[in-house]
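**Q** Structure below; questions to follow.
In full-length UniProt numbering, the protein residues as written are 1 to 673.
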């Protein structure tokens with residue numbers, strides 16, 4: 001027996017999915033996350049599906065260690081080394097305001113204060129040609145200061161290193177000779193070999209700030225698994241939706257920043273393929289947060305750059321919008337009104353119904369009071385909920401607001417649903433995307449409990465609840481490919497374009513990408529490379545990424561006209577207009593290597609016989625006698641109201657909705673207004 005295992009470490013629960021390669025069986029389970037030592041929760045969850053780690057043939061997990069360090073401002077102490085005269089690039093940043101009419105708007109506080117920025121003389125021009133040699137003594141002074149003052153990391157960002165990294169490479173050699181492995185050295189061209197000095201500096205600083213935390217965590221996890229007999233590499237989910245082994249992730253820790261949530265997006269890609277749908281809105285509601293992402297035309301919505309906590313980062317990243325709304329979000333009174341979140345009860349003490357000492361009402365407590373959760377079979381029977389404690393917590397807040405407890409409980413859910421619907425609008429309506437043209441794929445421990453109500457608010461007609469929704473992000477990791485992204489600056493106006501030269505550069509990137517996949521252990525027959533080019537109209541600042549058919553396409557006849565037309569179409573799609581007669585420029589080459597691993601089984605589970613229970617559940621202020629159904633016992637379509645329970649989540653189907661189970665085990669709910 002051998003198993004493929006994926007694990008997602010969330011703020012409240014650690015979820016695990018195990019695929020038996022011999023029988024095709026898929027098991028899912030979870031255990032409470034253990035913030036003090038995450039490995040305890042990891043092995044507790046793993047022990048519920050696999051007895052012997054030596055039987056694991058493939059292991060991947062998602063981690064939010066780097067993101068948590070950034071959110072909590074508990075990252076490394078970073079020294080920033082820049083070119084002479086460029087010390088203030090990171091502090092000045094950009095002059096644009098994200099919230100134009102917010103009178104209280106402030107730029108994010110830099111992760112490196114100005115007094116921790118040092119300069120080293122030496123200069124390249126925009127073509128990468130040396131104008132002034134690197135001041136190696138200045139680099140050594142930076143190393144001595146880092147050692148003397150206890151810095152954890154040094155970020156090196158020298159001007160025009162994207163054109164020629166020679167100065168940065170030499171600075172890195174000196175720093176590593178002086179500091180050894182005690183201090184993480186981050187070179188900006190290795191993080192993001194792209195133009196725009198501030199964005200590249202910000203990306204390097206982010207890697208330096210989060211890197212020591214991520215490296216320490218991955219090192220401990222690898223060691224603990226090795227001690228328990230794991231004989232295969234630990235793989236990690238990247239923010240781009242691809243996988244890398246832990247060794248590479250420790251060298252490029254920034255790639256793991258959104259490691260956990262992105263697994264759900266890749267699961268959404270697989271679900272859309274199996275359902276025969278091109279577009280899907282993926283919503284992941286856990287105990288602490290609510291994440292939204294899109295699948296467009298069967299592919300994840302990935303950008304070449306993003307802003308995280310206000311800081312720009314140059315790397316391929318799945319577009320995620322996250323808010324503090326989860327099952328553990330705390331409800332409270334403020335200025336006589338009801339508020340929900342973003343503060344969460346977390347895993348400890350958790351919601352009041354967990355019986356661990358929590359006293360403030362949460363979204364989960366509200367659902368318990370409304371009867372929408374089976375307290376005796378929560379999380380597949382791993383926990384028995386304290387209904388009385390949930391009722392007391394909700395009643396205490398209801399008294400403060402002079403409301404009926406049941407009315408308040410529905411109000412808590414309504415407020416949370418409205419916040420989550422607005423989060424979806426932020427990623428769709430505000431970018432010209434009509435959510436009614438998408439199916440809503442709901443997962444996470446609490447996603448299926450609220451999905452229909454969110455869909456109603458947005459006018460979405462179909463909700464899809466996959467198997468094991470509470471562990472769907474982990475399942476999505478088993479569906480992802482190994483991925484390596486390579487870039488090369490290529491500034492050319494259309495009049496100077498040499499198609500043969502462009503094709504040769506792409507061929508070189510393709511060779512590098514295939515070699516990188518080989519280093520990740522991907523067999524030759526499972527490797528492929530995709531290419532794209534960043535383009536803009538002359539005079540524009542920002543670019544659009546335009547896919548290419550293959551590396552040789554630029555050398556073919558009529559390429560310039562074809563790519564200009566393709567760019568005009570993309571420009572119209574993004575901005576609503578184009579200028580086909582305007583000349584274009586080429587800015588950046590992008591090559592992405594993909595390595596495919598065997599996917600987990602997708603067949604529906606064997607149906608079981610389990611008589612439904614019936615309980616009172618509140619919908620729209622009225623009590624409905626509602627069947628509580630086991631997911632594995634479903635075998636035909638049925639109407640709401642109904643509560644569907646399984647090992648990792650609960651699905652709430654309000655009155656008037658019609659639910660069916662398809663051949664792949666997806667629960668499809670037709671939403672009525």
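We put the CB at the ideal spot given by N, CA and C, even for glycine.
So residue 167 and residue 122 are in contact, right, with Cβ under 8 Å, and what is the actual spacing, rounded?
**A** Stepping through the chain shown from its first residue, residue 167 is reached at position 167. Stepping through the chain shown from its first residue, residue 122 is reached at position 122. 5 Å between Cβ atoms; contact.
**Q** Under the three-state reduction of DSSP, which class applies to residue 56: helix, strand or coil?
**A** If you number the chain shown from 1, residue 56 lands on position 56. Residue 56 falls in the strand class under three-state DSSP.
**Q** Following the continuous beta strand (DSSP E) through residue 284, name the residue where it begins and the one where it ends.
**A** For the purposes of this step, residue 284 is taken as residue 284 along the chain shown, with counting starting at 1. Here the beta strand (DSSP E) through residue 284 covers 280 to 285.
**Q** Measuring straight from C-alpha to C-alpha, what distance separates residue 654 and residue 671?
**A** Taking the chain shown and counting its residues from 1, one reaches residue 654 at position 654. Taking the chain shown and counting its residues from 1, one reaches residue 671 at position 671. About 9 Å.
**Q** Using C-beta distances below 6 Å, list every residue in its chain close to residue 386, excluding the 5 sequence neighbours before and after it, in chain order.
**A** Counting from 1 along the chain shown, the entry for residue 386 is found at position 386. Once the five neighbours on either side are set aside, the close Cβ partners of residue 386 are 353, 355.
**Q** What does a CB cutoff of less than 6 Å around residue 457 pick up in its chain, not counting 5 residues either side in sequence?
**A** In the chain shown, residue 457 corresponds to position 457, counting from 1. If we look at residue 457 and ignore the five residues flanking it on each side, its Cβ neighbours are 421.
**Q** Go to residue 18, then tell me how far its beta strand (DSSP E) extends in each direction, as first and last residue.
**A** Residue 18 sits at position 18 when you count from the first residue of the chain shown. Per DSSP, residue 18 belongs to the beta strand (DSSP E) from 13 to 20.
**Q** Starting from residue 585, trace the beta strand (DSSP E) both ways and give me its first and last residue.
**A** Your numbering for residue 585 matches position 585 in the chain shown. Where residue 585 is concerned, the enclosing beta strand (DSSP E) stretches over 584 to 595.
**Q** Terminal residues of the continuous alpha helix (DSSP H) containing residue 177?
**A** For the purposes of this step, residue 177 is taken as the residue at position 177 of the chain shown. Where residue 177 is concerned, the enclosing alpha helix (DSSP H) stretches over 166 to 179.
**Q** So, with DSSP's three-state summary, where would you put residue 378?
**A** For the purposes of this step, residue 378 is taken as the residue at position 378 of the chain shown. In this structure, residue 378 counts as strand in the three-state DSSP scheme.
**Q** On the three-state DSSP scale, how would you describe residue 531?
**A** Taking the chain shown and counting its residues from 1, the one referred to as residue 531 is at position 531. In this structure, residue 531 counts as strand in the three-state DSSP scheme.
**Q** Quick check on DSSP: helix, strand or coil for residue 74?
**A** If you number the chain shown from 1, residue 74 lands on position 74. Reduced to three states, the DSSP call for residue 74 is coil.
**Q** So, for residue 126: in the same chain, excluding its five sequence neighbours on each side, which residues have a beta-carbon less than 7 Å away from its beta-carbon?
**A** As a first step, residue 126 must be located in the chain shown, where it is residue number 126. Contacts found: 160, 163.
**Q** Tell me whether residue 559 sits in a helix, a strand or coil according to DSSP, three-state version.
**A** The residue you call residue 559 lines up with position 559 of the chain shown. Helix.
**Q** At which residues does the alpha helix (DSSP H) containing residue 157 begin and terminate?
**A** Residue mapping note: residue 157 aligns to position 157 of the chain shown, counting from 1. Per DSSP, residue 157 belongs to no alpha helix (DSSP H); it is in the beta strand (DSSP E), 153 to 157.
**Q** Flag this pair as touching only if the region 198 to 218 and the region 83 to 97 have three or more C-beta atom pairs under 8 Å; answer yes or no.
**A** Yes: the two stretches touch, three or more of their Cβ pairs being nearer than 8 Å.
**Q** How big is the Cα-Cα spacing for residue 645 and residue 434?
**A** Locating residue 645 in the chain shown gives position 645, where the first residue counts as 1. Locating residue 434 in the chain shown gives position 434, where the first residue counts as 1. Each residue's Cα considered, the two are about 31 Å apart.
**Q** Could you give the uninterrupted runs of the beta strand (DSSP E) lying entirely in the region 431 to 483, keeping only those of 3 residues or more?
**A** Segments of the beta strand (DSSP E) lying fully in the region 431 to 483: 439 to 443, 462 to 465.
**Q** Kindly confirm or deny that the region 28 to 45 and the region 110 to 119 touch, where touching means at least three C-beta pairs closer than 8 Å.
**A** The region 28 to 45 vs the region 110 to 119: no contact.
**Q** Go ahead and pull the three-state DSSP assignment for residue 410.
**A** The sequence position of residue 410 within the chain shown is 410, counting from 1. Residue state, collapsed to three classes: helix.
**Q** Tell me, please, which residues DSSP counts as bridged to residue 233.
**A** Counted from its first residue, the chain shown places residue 233 at position 233. DSSP output for residue 233 lists no bridge partner at all.
**Q** Can you give the Cα-Cα distance for residue 488 and residue 139, rounded to whole angstroms?
**A** As a position in the chain shown, residue 488 is number 488, starting the count at 1. As a position in the chain shown, residue 139 is number 139, starting the count at 1. Roughly 26 Å between the two C-alpha positions.
**Q** Helix, strand or coil for residue 383, going by three-state DSSP, please let me know.
**A** What you label residue 383 is simply residue 383 of the chain shown in a count that begins at 1. Strand, per DSSP.
**Q** Can you find the residues in the same chain that come closer than 6 Å, C-beta to C-beta, to residue 319, ignoring five residues on each side of it along the sequence?
**A** What you label residue 319 is simply residue 319 of the chain shown in a count that begins at 1. Contacts found: 301, 303.
**Q** Buried or exposed: residue 619, going by 16 or more other Cβ atoms within 10 Å of its Cβ?
**A** For the purposes of this step, residue 619 is identified with residue 619 of the chain shown, where counting begins at 1. Counting Cβ neighbours within 10 Å, residue 619 comes out buried, since at least 16 surround it.
**Q** Between which residues of its own chain and residue 528 is the CB-CB distance below 6 Å, once the five residues before and five after are set aside?
**A** Within the chain shown, the letter at position 528 stands for residue 528. Correct list, in chain order: 594.
**Q** Identify, in the order they occur along the chain, each residue of the same chain with its Cβ nearer than 8 Å to the Cβ of residue 407, setting aside the five sequence neighbours on each side.
**A** Taking the chain shown and counting its residues from 1, the one referred to as residue 407 is at position 407. Cβ neighbours of residue 407 beyond the five flanking positions: 398, 621.
**Q** Please identify the residue among 514, 65, 24, 100 whose C-alpha is closest to the C-alpha of residue 37.
**A** If you number the chain shown from 1, residue 37 lands on position 37. Closest by C-alpha distance to residue 37, out of 514, 65, 24, 100, is 65.
**Q** By Cβ distance below 7 Å, which residues in the same chain neighbour residue 615 in space, the five residues on each side in sequence not counted?
**A** Position 615 of the chain shown, counted from the first residue, corresponds to residue 615. Only 371, 626, 628 meet the Cβ criterion.
**Q** Excluding the 5 residues flanking residue 531 on each side, which residues of the same chain have their C-beta closer than 6 Å to its C-beta?
**A** Position 531 of the chain shown, counted from the start, is the residue given in the question as residue 531. Closer than 6 Å at the Cβ level, and outside the excluded window around residue 531, lie 506, 548, 551, 591.
**Q** I need the DSSP call for residue 542, collapsed to helix, strand or coil.
**A** Mapped onto the chain shown, residue 542 falls at position 542. DSSP places residue 542 in coil when its eight states are reduced to three.
**Q** Quick check on the burial criterion: 16 or more other C-beta atoms within 10 angstroms. Buried or exposed for residue 567?
**A** Taking the chain shown and counting its residues from 1, the one referred to as residue 567 is at position 567. So residue 567 ends up on the buried side.
**Q** Check whether the Cβ atoms of residue 282 and residue 292 sit closer than 9 Å, and answer yes or no.
**A** As a working note, residue 282 is residue 282 in the chain shown. As a working note, residue 292 is residue 292 in the chain shown. Yes, these two residues count as a Cβ contact at 9 Å.
**Q** In whole angstroms, what is the alpha-carbon distance linking residue 542 and residue 314?
**A** Indexing the chain shown from 1 puts residue 542 at position 542. Indexing the chain shown from 1 puts residue 314 at position 314. Computed Cα separation, rounded: 13 Å.
**Q** Taking only the alpha-carbon atoms, compute the straight-line gap between residue 383 and residue 31 and give it to the nearest angstrom.
**A** One-based indexing of the chain shown puts residue 383 at position 383. One-based indexing of the chain shown puts residue 31 at position 31. One Cα belongs to residue 383, the other to residue 31, and the distance between them is close to 10 Å.
**Q** What are the boundary residues of the alpha helix (DSSP H) that residue 202 is part of?
**A** Residue mapping note: residue 202 aligns to position 202 of the chain shown, counting from 1. Run containing residue 202: 197 to 227, per the alpha helix (DSSP H) assignment.
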